[in-house]
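Numbering (our numbering), first residue to last: -10 to 342.
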(Lines of atoms letter the chains of each structure in order from A and count residues from 1; the text may use other names and numbers.)
(Lines give C-alpha, C1' and ligand atoms only; values in the text may rest on other atoms or scores of the structure.)
Protein backbone atom coordinates (compact mmCIF):
# COMPACT_ATOMS: atom_id res chain seq x y z
CA UNK A 1 0.00 0.00 0.00
CA UNK A 2 1.38 3.41 -0.99
CA UNK A 3 1.60 6.20 1.57
CA UNK A 4 2.12 9.88 0.79
CA UNK A 5 3.38 12.23 3.49
CA UNK A 6 2.12 15.82 3.45
CA UNK A 7 3.02 19.04 5.23
CA UNK A 8 0.60 20.14 7.96
CA UNK A 9 1.17 23.75 6.88
CA UNK A 10 0.29 23.63 3.19
CA UNK A 11 -0.31 19.98 2.10
CA UNK A 12 2.89 19.93 0.04
CA UNK A 13 4.32 16.45 -0.55
CA UNK A 14 7.18 15.64 1.84
CA UNK A 15 7.86 11.98 1.13
CA UNK A 16 6.57 8.69 -0.27
CA UNK A 17 6.71 5.19 1.22
CA UNK A 18 5.36 1.70 0.72
CA UNK A 19 3.53 0.23 3.72
CA UNK A 20 3.52 -3.51 4.34
CA UNK A 21 0.26 -5.41 4.83
CA UNK A 22 0.90 -5.30 8.58
CA UNK A 23 -1.11 -2.09 8.97
CA UNK A 24 -4.10 -1.20 11.14
CA UNK A 25 -6.49 1.71 10.64
CA UNK A 26 -8.81 2.42 13.57
CA UNK A 27 -11.76 4.82 13.34
CA UNK A 28 -13.57 5.47 16.63
CA UNK A 29 -16.30 8.02 17.34
CA UNK A 30 -15.93 7.69 21.14
CA UNK A 31 -12.15 7.98 21.56
CA UNK A 32 -9.73 8.98 18.78
CA UNK A 33 -7.44 5.96 18.38
CA UNK A 34 -4.05 5.37 16.80
CA UNK A 35 -3.57 3.68 13.46
CA UNK A 36 -0.21 2.15 12.59
CA UNK A 37 1.83 1.49 9.44
CA UNK A 38 5.18 -0.21 8.87
CA UNK A 39 7.21 1.23 6.01
CA UNK A 40 10.36 -0.09 4.35
CA UNK A 41 12.45 3.05 4.81
CA UNK A 42 15.17 4.04 7.26
CA UNK A 43 14.26 7.74 7.38
CA UNK A 44 11.24 9.92 6.68
CA UNK A 45 11.18 13.58 5.75
CA UNK A 46 7.86 14.04 7.55
CA UNK A 47 7.63 14.84 11.27
CA UNK A 48 5.11 14.46 14.07
CA UNK A 49 2.09 16.64 13.31
CA UNK A 50 2.40 16.25 9.54
CA UNK A 51 -0.05 14.08 7.60
CA UNK A 52 0.01 10.74 5.87
CA UNK A 53 -2.57 9.70 3.33
CA UNK A 54 -3.59 6.30 2.01
CA UNK A 55 -4.58 6.28 -1.62
CA UNK A 56 -6.39 3.04 -2.37
CA UNK A 57 -9.18 2.15 -4.78
CA UNK A 58 -11.32 0.88 -1.91
CA UNK A 59 -10.53 3.45 0.76
CA UNK A 60 -9.12 6.91 1.49
CA UNK A 61 -7.58 7.92 4.81
CA UNK A 62 -5.86 11.07 6.05
CA UNK A 63 -4.00 10.75 9.33
CA UNK A 64 -2.12 13.10 11.64
CA UNK A 65 1.28 11.58 12.48
CA UNK A 66 1.65 11.00 16.23
CA UNK A 67 4.91 9.00 16.33
CA UNK A 68 7.73 7.77 14.08
CA UNK A 69 9.69 4.85 15.55
CA UNK A 70 12.66 2.95 14.14
CA UNK A 71 12.20 -0.82 14.30
CA UNK A 72 15.01 -3.29 15.01
CA UNK A 73 14.68 -4.81 11.53
CA UNK A 74 15.45 -1.52 9.78
CA UNK A 75 11.86 -0.50 9.05
CA UNK A 76 9.90 2.43 10.48
CA UNK A 77 6.62 2.24 12.35
CA UNK A 78 4.43 5.31 11.85
CA UNK A 79 1.41 5.93 14.07
CA UNK A 80 -1.35 8.40 13.30
CA UNK A 81 -4.81 9.55 14.29
CA UNK A 82 -7.64 10.25 11.88
CA UNK A 83 -7.72 13.83 10.55
CA UNK A 84 -10.93 14.60 12.44
CA UNK A 85 -8.98 14.25 15.71
CA UNK A 86 -7.72 17.74 14.81
CA UNK A 87 -10.99 18.86 16.37
CA UNK A 88 -10.41 16.97 19.61
CA UNK A 89 -9.87 20.28 21.38
CA UNK A 90 -11.85 21.99 24.12
CA UNK A 91 -13.32 25.37 23.20
CA UNK A 92 -15.93 27.76 24.72
CA UNK A 93 -19.54 27.06 23.74
CA UNK A 94 -22.55 29.31 23.92
CA UNK A 95 -26.30 28.69 23.83
CA UNK A 96 -27.68 28.65 20.29
CA UNK A 97 -30.96 28.34 18.45
CA UNK A 98 -31.07 27.60 14.74
CA UNK A 99 -29.27 25.46 12.16
CA UNK A 100 -26.96 23.09 14.06
CA UNK A 101 -24.81 22.54 10.96
CA UNK A 102 -24.03 26.27 10.85
CA UNK A 103 -23.17 26.11 14.57
CA UNK A 104 -20.65 23.33 13.84
CA UNK A 105 -19.18 25.13 10.82
CA UNK A 106 -18.73 28.32 12.84
CA UNK A 107 -16.95 26.47 15.66
CA UNK A 108 -14.44 24.97 13.22
CA UNK A 109 -14.00 28.15 11.18
CA UNK A 110 -13.50 30.34 14.27
CA UNK A 111 -10.75 28.14 15.70
CA UNK A 112 -9.07 26.69 12.60
CA UNK A 113 -9.54 29.27 9.83
CA UNK A 114 -9.93 32.71 11.43
CA UNK A 115 -8.46 32.37 14.91
CA UNK A 116 -6.27 35.44 14.56
CA UNK A 117 -3.14 33.25 14.65
CA UNK A 118 -1.78 32.43 11.18
CA UNK A 119 0.24 29.52 12.61
CA UNK A 120 -2.95 28.00 14.07
CA UNK A 121 -5.12 28.58 11.02
CA UNK A 122 -5.31 25.94 8.28
CA UNK A 123 -5.60 27.82 4.96
CA UNK A 124 -6.47 24.66 3.04
CA UNK A 125 -9.40 23.74 5.30
CA UNK A 126 -12.86 24.13 3.81
CA UNK A 127 -16.04 23.33 5.78
CA UNK A 128 -19.04 22.49 3.60
CA UNK A 129 -22.62 22.00 4.81
CA UNK A 130 -24.39 19.13 3.05
CA UNK A 131 -27.14 18.49 5.61
CA UNK A 132 -29.05 20.79 7.94
CA UNK A 133 -30.95 20.29 11.18
CA UNK A 134 -32.59 22.92 13.36
CA UNK A 135 -32.41 22.77 17.12
CA UNK A 136 -31.78 24.56 20.38
CA UNK A 137 -28.59 24.23 22.44
CA UNK A 138 -28.37 25.40 26.04
CA UNK A 139 -24.99 25.78 27.77
CA UNK A 140 -23.96 27.24 31.10
CA UNK A 141 -21.94 30.45 31.23
CA UNK A 142 -18.22 29.81 30.63
CA UNK A 143 -18.93 26.20 29.56
CA UNK A 144 -16.23 24.42 27.55
CA UNK A 145 -16.60 21.35 25.32
CA UNK A 146 -14.54 19.38 22.81
CA UNK A 147 -15.69 19.81 19.23
CA UNK A 148 -15.47 16.03 18.64
CA UNK A 149 -17.65 15.35 21.69
CA UNK A 150 -20.24 17.80 20.37
CA UNK A 151 -20.19 16.07 16.98
CA UNK A 152 -20.71 12.69 18.63
CA UNK A 153 -23.72 14.07 20.50
CA UNK A 154 -25.12 15.86 17.43
CA UNK A 155 -24.88 12.65 15.38
CA UNK A 156 -27.37 11.11 17.79
CA UNK A 157 -29.55 14.13 18.54
CA UNK A 158 -29.64 15.85 15.13
CA UNK A 159 -28.47 13.19 12.69
CA UNK A 160 -25.43 15.09 11.43
CA UNK A 161 -21.79 13.99 11.35
CA UNK A 162 -18.42 15.01 9.94
CA UNK A 163 -16.58 13.41 7.05
CA UNK A 164 -13.67 14.73 5.02
CA UNK A 165 -12.12 14.50 1.57
CA UNK A 166 -8.57 15.31 0.53
CA UNK A 167 -9.02 17.23 -2.71
CA UNK A 168 -6.56 17.01 -5.59
CA UNK A 169 -6.71 19.90 -8.08
CA UNK A 170 -4.55 19.80 -11.22
CA UNK A 171 -2.51 17.00 -9.70
CA UNK A 172 -1.79 18.92 -6.48
CA UNK A 173 -3.15 18.25 -2.96
CA UNK A 174 -5.04 21.50 -2.46
CA UNK A 175 -7.79 21.20 0.14
CA UNK A 176 -9.14 19.18 3.01
CA UNK A 177 -12.88 19.48 2.60
CA UNK A 178 -14.70 18.76 5.86
CA UNK A 179 -18.35 17.98 5.25
CA UNK A 180 -21.23 18.36 7.68
CA UNK A 181 -23.48 15.62 6.34
CA UNK A 182 -26.34 13.41 7.50
CA UNK A 183 -25.93 10.08 9.25
CA UNK A 184 -27.26 6.98 7.55
CA UNK A 185 -30.47 5.54 9.03
CA UNK A 186 -32.83 2.66 8.45
CA UNK A 187 -30.23 -0.10 7.98
CA UNK A 188 -31.51 -3.51 9.12
CA UNK A 189 -28.94 -6.23 9.68
CA UNK A 190 -29.39 -9.82 10.88
CA UNK A 191 -26.67 -11.39 12.99
CA UNK A 192 -26.66 -14.62 10.93
CA UNK A 193 -25.69 -13.00 7.62
CA UNK A 194 -22.96 -14.78 5.67
CA UNK A 195 -20.84 -11.59 5.62
CA UNK A 196 -20.72 -11.52 9.45
CA UNK A 197 -18.31 -13.63 11.52
CA UNK A 198 -16.79 -13.71 15.01
CA UNK A 199 -19.84 -12.04 16.60
CA UNK A 200 -19.45 -10.91 20.22
CA UNK A 201 -22.19 -9.21 22.27
CA UNK A 202 -21.88 -7.60 25.70
CA UNK A 203 -25.18 -6.21 26.94
CA UNK A 204 -25.40 -4.34 30.24
CA UNK A 205 -28.92 -2.96 29.88
CA UNK A 206 -31.84 -5.29 29.26
CA UNK A 207 -34.52 -2.57 29.26
CA UNK A 208 -33.45 0.66 27.55
CA UNK A 209 -35.81 3.62 27.78
CA UNK A 210 -37.74 4.26 24.56
CA UNK A 211 -40.17 6.88 25.89
CA UNK A 212 -39.47 9.97 28.00
CA UNK A 213 -42.21 12.03 29.62
CA UNK A 214 -41.35 15.62 30.52
CA UNK A 215 -43.53 17.01 33.30
CA UNK A 216 -43.58 20.74 34.09
CA UNK A 217 -42.19 21.91 37.42
CA UNK A 218 -44.78 23.38 39.78
CA UNK A 219 -43.23 26.86 39.64
CA UNK A 220 -43.28 27.12 35.82
CA UNK A 221 -45.07 30.27 34.64
CA UNK A 222 -44.85 29.89 30.84
CA UNK A 223 -44.75 26.18 30.02
CA UNK A 224 -47.10 24.25 32.26
CA UNK A 225 -48.10 21.37 29.97
CA UNK A 226 -46.02 18.23 29.71
CA UNK A 227 -44.59 16.76 26.53
CA UNK A 228 -43.68 13.18 25.61
CA UNK A 229 -41.06 11.88 23.16
CA UNK A 230 -40.80 8.41 21.62
CA UNK A 231 -37.83 6.58 20.09
CA UNK A 232 -38.11 4.57 16.87
CA UNK A 233 -36.07 1.56 15.77
CA UNK A 234 -34.25 3.87 13.31
CA UNK A 235 -33.11 6.20 16.08
CA UNK A 236 -35.67 8.90 15.26
CA UNK A 237 -37.27 10.82 18.14
CA UNK A 238 -40.79 12.20 17.81
CA UNK A 239 -43.75 13.42 19.85
CA UNK A 240 -46.08 11.30 17.70
CA UNK A 241 -47.54 8.38 19.66
CA UNK A 242 -48.35 6.71 16.32
CA UNK A 243 -44.87 7.16 14.80
CA UNK A 244 -43.56 4.37 12.56
CA UNK A 245 -41.38 1.64 14.09
CA UNK A 246 -42.05 2.48 17.71
CA UNK A 247 -40.17 0.18 20.07
CA UNK A 248 -42.01 -2.30 22.26
CA UNK A 249 -42.33 -3.16 25.04
CA UNK A 250 -42.56 0.43 26.23
CA UNK A 251 -39.95 1.44 28.81
CA UNK A 252 -40.45 5.02 29.99
CA UNK A 253 -38.73 7.67 32.10
CA UNK A 254 -40.27 10.78 33.68
CA UNK A 255 -38.25 14.00 33.91
CA UNK A 256 -39.14 17.41 35.33
CA UNK A 257 -38.43 20.55 33.30
CA UNK A 258 -38.31 24.30 33.99
CA UNK A 259 -39.38 27.14 31.71
CA UNK A 260 -35.76 27.68 30.65
CA UNK A 261 -35.40 23.98 29.75
CA UNK A 262 -38.35 23.94 27.33
CA UNK A 263 -36.61 25.08 24.09
CA UNK A 264 -34.05 22.27 24.38
CA UNK A 265 -36.37 19.43 25.44
CA UNK A 266 -36.10 17.56 22.15
CA UNK A 267 -32.31 17.65 22.37
CA UNK A 268 -32.48 16.39 25.96
CA UNK A 269 -35.03 13.70 25.05
CA UNK A 270 -32.91 12.45 22.14
CA UNK A 271 -29.83 12.32 24.33
CA UNK A 272 -31.67 10.36 27.05
CA UNK A 273 -33.33 7.89 24.67
CA UNK A 274 -30.48 7.24 22.26
CA UNK A 275 -27.83 7.07 25.00
CA UNK A 276 -29.96 4.58 26.90
CA UNK A 277 -30.35 2.38 23.82
CA UNK A 278 -26.56 2.22 23.25
CA UNK A 279 -25.52 0.59 26.52
CA UNK A 280 -24.11 -2.49 24.83
CA UNK A 281 -21.12 -3.60 22.79
CA UNK A 282 -21.58 -5.63 19.61
CA UNK A 283 -18.51 -6.48 17.55
CA UNK A 284 -18.11 -8.61 14.45
CA UNK A 285 -16.00 -9.00 11.32
CA UNK A 286 -17.77 -7.76 8.20
CA UNK A 287 -16.67 -8.99 4.76
CA UNK A 288 -17.07 -5.95 2.48
CA UNK A 289 -15.38 -7.90 -0.30
CA UNK A 290 -18.26 -10.36 -0.70
CA UNK A 291 -21.13 -8.15 0.45
CA UNK A 292 -23.85 -7.71 -2.19
CA UNK A 293 -26.37 -5.63 -0.17
CA UNK A 294 -26.39 -1.97 -1.25
CA UNK A 295 -27.41 -0.64 2.18
CA UNK A 296 -24.29 -2.24 3.72
CA UNK A 297 -21.75 -0.90 1.21
CA UNK A 298 -21.26 2.47 2.89
CA UNK A 299 -21.33 1.56 6.57
CA UNK A 300 -19.57 4.36 8.44
CA UNK A 301 -19.23 5.83 11.91
CA UNK A 302 -22.62 7.08 13.08
CA UNK A 303 -24.70 4.75 10.88
CA UNK A 304 -27.91 3.80 12.70
CA UNK A 305 -28.53 0.05 12.55
CA UNK A 306 -31.38 -2.18 13.64
CA UNK A 307 -29.30 -5.23 14.55
CA UNK A 308 -31.42 -8.36 14.82
CA UNK A 309 -30.29 -11.37 16.87
CA UNK A 310 -32.33 -14.44 17.87
CA UNK A 311 -32.63 -13.14 21.44
CA UNK A 312 -32.98 -9.39 21.00
CA UNK A 313 -33.18 -6.60 18.45
CA UNK A 314 -30.84 -3.67 19.09
CA UNK A 315 -31.42 -0.09 17.94
CA UNK A 316 -27.79 0.93 17.73
CA UNK A 317 -25.08 2.82 15.82
CA UNK A 318 -21.63 2.08 14.43
CA UNK A 319 -19.04 3.56 16.83
CA UNK A 320 -15.77 1.89 15.74
CA UNK A 321 -14.32 0.46 12.53
CA UNK A 322 -10.94 -1.31 12.32
CA UNK A 323 -9.14 -2.39 9.13
CA UNK A 324 -6.21 -4.79 9.45
CA UNK A 325 -4.11 -5.47 6.36
CA UNK A 326 -7.07 -5.19 3.97
CA UNK A 327 -10.02 -2.96 3.14
CA UNK A 328 -12.12 -5.92 2.01
CA UNK A 329 -12.88 -6.85 5.62
CA UNK A 330 -13.27 -4.78 8.78
CA UNK A 331 -14.16 -5.26 12.42
CA UNK A 332 -17.23 -3.19 13.31
CA UNK A 333 -18.33 -2.23 16.80
CA UNK A 334 -21.86 -1.13 17.61
CA UNK A 335 -22.98 0.66 20.77
CA UNK A 336 -21.22 2.86 23.32
CA UNK A 337 -20.29 0.29 25.96
CA UNK A 338 -16.73 -0.94 25.68
CA UNK A 339 -15.96 -4.39 27.04
CA UNK A 340 -12.14 -4.35 26.91
CA UNK A 341 -10.17 -2.87 29.79
CA UNK A 342 -8.04 -0.77 27.41
CA UNK A 343 -11.05 0.94 25.85
CA UNK A 344 -12.71 1.39 29.24
CA UNK A 345 -9.62 3.21 30.51
CA UNK A 346 -9.47 5.38 27.39
CA UNK A 347 -13.11 6.39 27.83
CA UNK A 348 -12.56 7.11 31.53
CA UNK A 349 -9.48 9.21 30.82
CA UNK A 350 -11.34 11.14 28.15
CA UNK A 351 -14.23 11.97 30.50
CA UNK A 352 -11.79 13.21 33.14
CA UNK A 353 -10.04 15.66 30.80
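Built from N, CA and C at the ideal position, the CB exists for glycine as well.
Burial check for residue 210: the Cβ neighbour count within 10 Å stays below 16, so the residue is exposed. If you look at residue 202, you'll find it in the beta strand (DSSP E) that goes 200 to 205. Judged by beta-carbon spacing, residue 116 lies within the 7 Å limit of residue 167, meaning their Cβ atoms are closer than that value. Given a length threshold of 4 residues, each whole run of the alpha helix (DSSP H) inside the segment 106 to 178 is given here in chain order: 136 to 146. Residue range 302 to 313 is occupied by the beta strand (DSSP E) that includes residue 311, with no alpha helix (DSSP H) assigned at that position. Distances from the CA of residue 40 to each of 65, 213 and 54 were compared; the closest alpha carbon is that of 54. For residue 13, the pairing in a beta bridge is given by DSSP as 25 and 313. Residue 108 counts as exposed, since fewer than 16 other C-beta atoms from the protein chains shown sit within 10 angstroms of its C-beta.
The beta-carbon separation of residue 324 and residue 270, rounded to 5 Å, stays under the 8 Å limit for a contact. Per DSSP, residue -8 is one residue of the beta strand (DSSP E) stretching across -9 to -5.
Per DSSP, reduced to three states, the secondary structure at residue 299 is coil, with no helix or strand assignment.
Where residue 258 is concerned, there is no enclosing beta strand (DSSP E), although the alpha helix (DSSP H) around it starts and stops at 254 to 266. Pairing residue 8 with residue 29, the inter-Cα distance amounts to about 7 Å. If you draw a 10 Å sphere on the C-beta of residue 178, you find 16 or more other C-beta atoms in it, and that means buried.
Residue burial annotation: residue 76 is buried, with at least 16 other C-beta atoms found within 10 angstroms of its C-beta. Of the residues assessed, residue 17 falls on the buried side of the cut-off, its CB having 16 or more other CB atoms within 10 angstroms. Under the three-state reduction of DSSP, residue 273 is assigned to strand. In this structure, 88 is the residue among 88, 112, 218 and 97 with its C-alpha nearest to the C-alpha of residue 147. Cβ-Cβ distances below 8 Å link residue 74 to 21, 53 and 137 in the same chain, with the five nearest sequence neighbours on each side left out; the list follows chain order.
Rounded to whole angstroms, the gap between the alpha carbons of residue 114 and residue 161 is 15 Å.
Annotation for residue 90: the continuous alpha helix (DSSP H) segment containing it runs 89 to 101.
One Cα belongs to residue 224, the other to residue 280, and the distance between them is close to 24 Å. Beta-bridge analysis with DSSP links residue 193 to no other residue. When secondary structure is reduced to three states using DSSP, residue 5 falls in the strand class. Straight-line spacing of the CA atoms in residue 246 and residue 263 works out to 19 Å. In this structure, residue 317 sits near residue 277, with a CB-CB distance shorter than 7 Å.
The Cβ atoms of residue 10 and residue -6 do not sit closer than 7 Å to each other. Here residue 321 is actually not in contact with residue 266; their C-beta atoms are around 17 Å apart, not less than 8 Å. Secondary structure at residue 323: strand, using DSSP grouped into helix, strand and coil. Under a 10 Å Cβ-count criterion, residue 149 is classified as buried, with 16 or more other Cβ atoms of the shown protein chains found around its own Cβ.
Looking at 2, 181, 201 and 256, the one whose alpha-carbon comes closest to that of residue 300 is 181. Closest option to residue 127, judged by alpha-carbon separation, among 217, 66, 84 and 190: 84. In this structure, the straight-line span from the alpha carbon of residue 303 to that of residue 171 is close to 21 Å. The Cβ atoms of residue 218 and residue 258 lie closer than 7 Å to each other. Looking at the DSSP output, residue 226 sits in a beta bridge with 220. The continuous beta strand (DSSP E) containing residue 53 extends over residues 48 to 59.
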